[in-house]
Each structure stands twice: as C-alpha cells, then as structure tokens.
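Chemist:
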Amino acid sequence: MVERLKSGLIGEVSAEFLGTMVLILFGCGVVAQVVAGGALTTPPGGLGNHDSIAWAWGIGVTMGVYVAARLSGAHLNPAVTLALATFKGFPWRKVAPYVVAQTVGAFVAALIVRWNYTDALAKADPGHTIKTQGVFSTLPANGNPNLPVHEWGAFRDQIIGTALLLLLILAITDLLNTPPGANLAPFIIGLVVVGIGMAWGTLAGYAINPARDFGPRLASFLTGYGGAWRDQYGNFYFWVPIIGPLIGGLLGAGMYKLFIGRFLPTAEPEPPGRIPVPKA
5 MVERLKSGLI GEVSAEFLGT MVLILFGCGV VAQVVAGGAL TTPPGGLGNH
55 DSIAWAWGIG VTMGVYVAAR LSGAHLNPAV TLALATFKGF PWRKVAPYVV
105 AQTVGAFVAA LIVRWNYTDA LAKADPGHTI KTQGVFSTLP ANGNPNLPVH
155 EWGAFRDQII GTALLLLLIL AITDLLNTPP GANLAPFIIG LVVVGIGMAW
205 GTLAGYAINP ARDFGPRLAS FLTGYGGAWR DQYGNFYFWV PIIGPLIGGL
255 LGAGMYKLFI GRFLPTAEPE PPGRIPVPKA
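According to the working numbering, the sequence shown is numbered sequentially starting from 5.
1) What alpha helix (DSSP H) runs, 4 residues minimum, are completely inside the stretch 223 to 272?
2) Whole angstroms are fine: how far does the CA of I14 sit from the CA of M5?
3) Closest to H132 by CA distance: which of F21, Y229, V34, I28 is it?
4) Decide if the stretch 18 to 38 is in contact with the stretch 161 to 168; the criterion is three or more beta carbon pairs, one per stretch, under 8 Å apart.
5) Helix, strand or coil: how does DSSP classify G23 here?
6) Please classify L114: is it buried, with 16 or more other beta-carbons within 10 angstroms of its beta-carbon, or exposed?
7) Drop a sphere of 10 angstroms on the beta-carbon of F267, count the other beta-carbons inside from all chains shown, and report buried for 16 or more, exposed for fewer.
8) Just verifying my parser: in three-state terms, what is the DSSP assignment at T206?
9) If you draw a straight line from the alpha carbon of R97 to that of D123, how long is it in whole angstroms?
10) Could I get the ranges of all uninterrupted beta strand (DSSP E) runs contained in the stretch 69 to 140, with 3 residues as the minimum, in chain order?
11) In whole angstroms, what is the alpha-carbon distance linking F218 and V104?
12) Okay, do the stretch 150 to 158 and the stretch 238 to 245 touch, 3+ Cβ pairs below 8 Å being the bar?
13) Please go through the same chain and pick out, in chain order, the residues whose beta-carbon is closer than 6 Å to the beta-carbon of W204, but skip the five residues on each side of it.
14) I'd like to know whether the C-beta atoms of G52 and V38 end up nearer to each other than 8 Å.
15) May I ask you to verify whether the stretch 58 to 74 touches the stretch 39 to 46, counting CB pairs closer than 8 Å and requiring at least 3?
16) Going by DSSP, what residue range makes up the alpha helix (DSSP H) through Q162?
17) Since A78 contacts Q137 with CB under 8 Å, what's their CB separation in whole angstroms?
18) Cβ atoms of A100 and L170: under 8 Å apart, would you say?
19) Can you round the beta-carbon distance between L254 and T90 to whole angstroms, since I take them to be within the 8 Å contact cut?
20) Taking C-beta to C-beta, are T107 and F94 nearer than 8 Å?
21) Would you check if the distance between the CB atom of I57 and the CB atom of G201 is smaller than 8 Å?
22) Tell me the rounded alpha-carbon separation between A284 and A60.
23) So for L180, helix, strand or coil by DSSP?
24) Beta-carbon within less than 6 Å of L75's beta-carbon, same chain only, minus the 5 sequence neighbours each way: which residues are those?
25) Near K135, which residues of its chain fall below 7 Å by C-beta distance, leaving aside the five closest residues on each side in sequence?
26) For L9, which three-state DSSP category applies?
27) Count the other CB atoms, across all protein chains shown, that sit within 10 Å of the CB of T142; report buried if there are 16 or more and exposed otherwise.
28) Note down, in chain order, each residue of its chain lying with its Cβ closer than 6 Å to the Cβ of L88, except the 5 sequence neighbours on either side.
29) Rounded to the nearest angstrom, what separates L174 and Y260 at their Cα positions?
30) Please report the distance separating the alpha-carbon of L180 from that of A167.
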C-alpha cells in the first residue's frame, strides 16, 4: 500500500511538472516572440500583440491541463492547489510536492524559452534589462512607466484576477453544477485565462499563478537578468505575483462555496421529472 501511494504521488508530481512546463512553453514563448522577435521586425511589432499573447496563454493552459489531468487533476498553479486543499478536500500532504513540481516545471520551460530565443533577446536587448524582462515574469503595468501602477495596485489586481480564476474553475469542474461535457473543461478553462488576459492584463500582467511567475523569474535571473527581482521603479516586486494569487485563489474559491456550492443538490437520486445530477 505504501509503495502504491508513493508511486501514485510520483506520477502526480510528474504530471504537474510536465503540464506546467507545457503551459509556460506556450506562455513565455509567445511573449518572447512578440517582445523580442517583434522588436526586430520592420516596422516593429510584426510578430503579434496583446491579443496573441492572451490567446497563446489560454492555449497553453488548455494543453497543459490535457497533459496532466488524468494523473494529477492538472492544478498547474499553487493558488489552485492551495484553494482545493482548503475547500475541496485535496490532501494537505500533497500541497508542497505539487507546488514544487509546478515551480520546477515553469523554471525548466523558461530555460528552454531563454535558450531558444537567445539571439533575439540579445539583439533586441543586449543588456538584458527591464525591456525584455517581461518575457519571463510580470511587472506592474507590464513595465510601462507611463501608467503609474506600483506594488500595492498590482497586488490588488492579482488578488482580484486570481479570485475570478478560482471561482470559475470551481464552477466549471463542479459535477453538481452544470459542468461542460465531452471532456471540454480544459478548453473552457483555457478560454477563462484568455478572458482574464484581455480584461485584467493591464495593471500587473495577469500572472494569477505563483509558479508561472517565480519559476521563469528565477530562470531569467540565473541567465543574465540581474534586475529580475525588481520592477521598473527599482522596487522589490517578485513577492506580488506570489502572495497576491495565493490570497485571491482562496477568496475566489471561498466565494464559490459560499454563494453557490453550499446550495447545490447532493448526488442523491433526484425526484421524478428532475434532470439527474452527475455523480461526484
């Protein structure tokens, strides 16, 4: 029994690692294409824009979930893991292994993006400065000094954005609600991320995932971005997309449980004439 449990957890963290890696390969990859590659086109900006970034991040989430869902449930995000442990009975003993696997997966993916786009990054930004730091990690106002967003404004934004994400993830995956059929949940969750990127991407780059930000930030720091921990104002910023999403995830999941989850019918047989509720 102990060996089965160990092998089961190994499979789960393996899935979290690979699923998160796939997510970040799409996410950081598209930002590298738009920011570094796009800076070298004539005229500049010829390889995509904010919308292509939002769509690629959403596709990354969808593909990452399809990769990992059978083994681990495809959290791919420490904020999701923490919220599910708090409100959905996910075992607390698995929280740390999942978070480590997610962060390492994001770190490895960012190293691959950094390696693949080495030439473009060096040409577009020889000093590896704040100009291309956003390829790997988020910044207040996406590094734009003309929009006066600082740590606490970005912190608020990350709480709200991640609360929305977790509220919707719980709604989409709750079998007692009206979940999408035909294994479409990963696709719908990907659309949620696209929507958050388009609606909540201005003030803090919609990290909404501590592993997504910290893993690539560390990778960039170790490969030449000496200012990776700071924002465009020189302030320590790395904590914002870690703490904000963890708080926001708990708030969003708690709201779903408070306003929706506790009122849903149980999985017991429904009275005649009612639509049967899927078994949990």
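All C-beta atoms, glycine included, are put in the ideal place defined by N, C-alpha and C.
Keep in mind that this is a model prediction, so the values were computed, not measured.
Modeler: Let me lay it out:
1) 244 to 263
2) Unreliable placement is indicated for M5, whose pLDDT of 48 sits below 50; no coordinate value is reported for it.
3) Y229
4) no
5) helix
6) In the sequence as presented, Leu is not what sits at residue 114; that position holds Ala. By the 10 Å Cβ count, A114 comes out buried.
7) exposed
8) coil
9) 43 Å
10) none
11) 11 Å
12) yes
13) G165, Y210
14) yes
15) no
16) 155 to 177
17) Not quite, the Cβ-Cβ distance comes to about 28 Å (not below 8 Å), so this is no contact.
18) no
19) 6 Å
20) no
21) yes
22) For A284, the pLDDT reaches just 48, beneath the cut-off of 50, and the residue's location in the model is therefore unreliable, leaving the point undetermined.
23) coil
24) G15, E16, A19
25) D129
26) Low confidence applies to L9: its pLDDT is 47, below 50, so where it sits in the model is not reliable enough to give any reading.
27) buried
28) F94
29) 7 Å
30) 21 Å
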